[in-house]
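Residues 790 to 918 in this note's numbering are what the sequence shown lists, from first letter to last. Think of the CB as a built atom: it goes at the ideal place given N, C-alpha and C, for glycine as much as any other residue.
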Amino acid sequence: MGAMAAGAAPGDRTAGPGGIRLGNLYFSSGLTGVRPEARKDPLAFGGDIKEQTHTILKAHRANLESMGSSLDKVLKVTVFLADVKTEKSAMNEVYAQYFPKEAPARSAVGVQFPDTATRVEIELVAWIS
């Protein structure tokens with residue numbers, strides 16, 4: 790079993806921002822909905838918790854699909870929230886749209902991000918056939 794960057798050739802063991810594949814398991818890096826431009830221009834992103842959650846889960850879905858998998862094969866999700874008390878329910882509304890049937894195991898924790906634009910970060914573990 791070798792570790793490899795998501796979407797990389799079988800012999801390529803370079804870790805990238807997308808995650809690491811080990812056998813049939815894919816371990817994603819944490820993704821946020823904030824674009825790099827937001828550091829210079831806070832309005833470059835302008836997303837609330839719902840918009841950021843959509844952006845992140847769409848990116849995870851696209852990455853999984855590029856490897857022949859899907860959100861249906863996600864085994865575990867970890868959600869990091871800037872304000873777990875007030876934003877978790879809004880994040881849950883969006884999350885349920887992407888995992889409408891059997892939701893994977895999930896942990897949600899409050900964290901302090903290094904910037905005020907980031908409201909949520911999501912990482913996951915999925916099965917890749």
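Mind checking who residue i pairs with in its DSSP beta bridge?
i: A741; result: With the chain covering 790 to 918 only, the question about residue 741 has no answer from this structure.
i: I911; result: L820 and V868
i: I838; result: DSSP lists no partner for I838.
Could you check which residue in the options has the C-alpha nearest to that of residue i?
i: R810; options: N881, S896, E891 and S858; result: S858
i: F888; options: D872, V873, G899 and H843; result: H843
i: E882; options: G819, A906, G812 and Q841; result: Q841
i: I911; options: S818, L860, T875 and T905; result: S818
i: R908; options: Y884, M880, K890 and A885; result: M880
i: V900; options: Q886, G807, D861 and K874; result: K874
i: G807; options: K839, H849 and G836; result: H849
i: Y884; options: V823, A906, T905 and K839; result: K839
Please state whether DSSP places residue i in a helix, a strand or coil.
i: V883; result: helix
i: V863; result: strand
i: S896; result: strand
i: I917; result: coil
i: T905; result: coil
i: K874; result: helix
i: S858; result: coil
Considering only residues of the same chain and omitting the five flanking positions on each side of residue i, which have a CB-CB separation below 6 Å?
i: K929; result: Past the boundaries of the shown model lies residue 929; the chain is included only from 790 to 918, so the question cannot be answered.
i: F902; result: A871
i: V863; result: P893, L913 and A915
i: I917; result: N813, Y815, M856 and S858
i: T867; result: S896 and E912
Got a sec? Which residues, its chain only, sit under 7 Å from residue i by beta carbon, not counting five neighbours each side?
i: K877; result: L870 and A897
Kindly list the residues whose CB is nearer than 8 Å to the CB of residue i, restricted to its own chain and excluding five residues on each side of it in sequence; keep chain order.
i: L820; result: I845, A848, H849, E910, I911 and E912
i: D861; result: K890
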